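The sequence shown finishes on residue 149 if you use the numbering used here, and the numbering steps up by one all the way, no holes.
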Amino acid sequence: MKIAFAADDRNATTDAVLAFLSEAGHEVLLPATSDDWPELGAAVGRAVTDGDADFGVVMCWTGTGTAIAANKVPGVRAALAWDTWIAAGARKWNDANVLALSLKRLAPDVAVEITEVFLSGIAPDARESANIARLGELDEPRR
Ligand SMILES: O=C(CO)[C@H](O)[C@H](O)COP(=O)(O)O
7 MKIAFAADDR NATTDAVLAF LSEAGHEVLL PATSDDWPEL GAAVGRAVTD
57 GDADFGVVMC WTGTGTAIAA NKVPGVRAAL AWDTWIAAGA RKWNDANVLA
107 LSLKRLAPDV AVEITEVFLS GIAPDARESA NIARLGELDE PRR
């Protein structure tokens, strides 16, 4: 798959996630043109909603800033995950299309495990389709 990736800092955790993405055979896109977390979250979000990437992975110290920035892009459903259960639930119940990770709080192996689960092909639960559609409606300007 095509995965848009951005991180506002680099350490063993970011390197491990990037290495995993490549070793798993994904094409890694780096759409961000700035190291600032609002811009890089939005750039990854746009890559996903424009159809350039199948999924996005964003990383910052907390993971929260890039998640918030990505979620400002209409059509993005970015989920901050700190374990594999959260990551699986984000796909199953939220049809999340961007994974946000803390590069400071996750050990490299844990971050890789979370990313692997998120991208493992877990299908959204059909019972959630109405709720996901409602998220799309929330992207619309209020009337
Ligand atoms: O976690 C983050 C945002 O949620 C950032 O990584 C953290 O705030 C550091 O950013 P900067 O280097 O721009 O101060």
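Note that CB positions come from ideal geometry on N, CA and C, so glycine has one too. Since the model is a prediction, treat every value here as computed from it, not as a measurement.
| query | result |
| --- | --- |
| Check whether the region 16–27 touches the region 46–53, taking contact to mean three or more Cβ pairs, one atom from each stretch, closer than 8 Å. | no |
| Starting from the N-terminal end, write out each residue whose C-beta falls within a distance shorter than 5 Å of any non-hydrogen atom of ligand 1. | Asp14, Trp43, Cys66, Trp67, Thr68, Thr70 and Gly71 |
| In terms of alpha-carbon separation, which member of Asp101, Glu45, Gly81 and Val64 lies closest to Ile9? | Val64 |
| Three or more C-beta pairs closer than 8 Å, one from the region 108–124 and one from the region 56–73: is that the case here? | yes |
| Based on Cα-Cα distance, which residue from Leu86, Ala76, Arg97 and Pro114 lies nearest to Asp145? | Ala76 |
| Here's the rule I'm using: 16 or more other beta-carbon atoms within 10 Å means buried, otherwise exposed. How should Trp43 be labelled? | buried |
| Taking the beta carbon of Ala18 as the centre, do at least 16 other beta carbons fall within 10 Å, making it buried, or is it exposed? | exposed |
| Drop a sphere of 10 angstroms on the beta-carbon of Gly47, count the other beta-carbons inside from all chains shown, and report buried for 16 or more, exposed for fewer. | buried |
| Here's the rule I'm using: 16 or more other beta-carbon atoms within 10 Å means buried, otherwise exposed. How should Asn103 be labelled? | buried |
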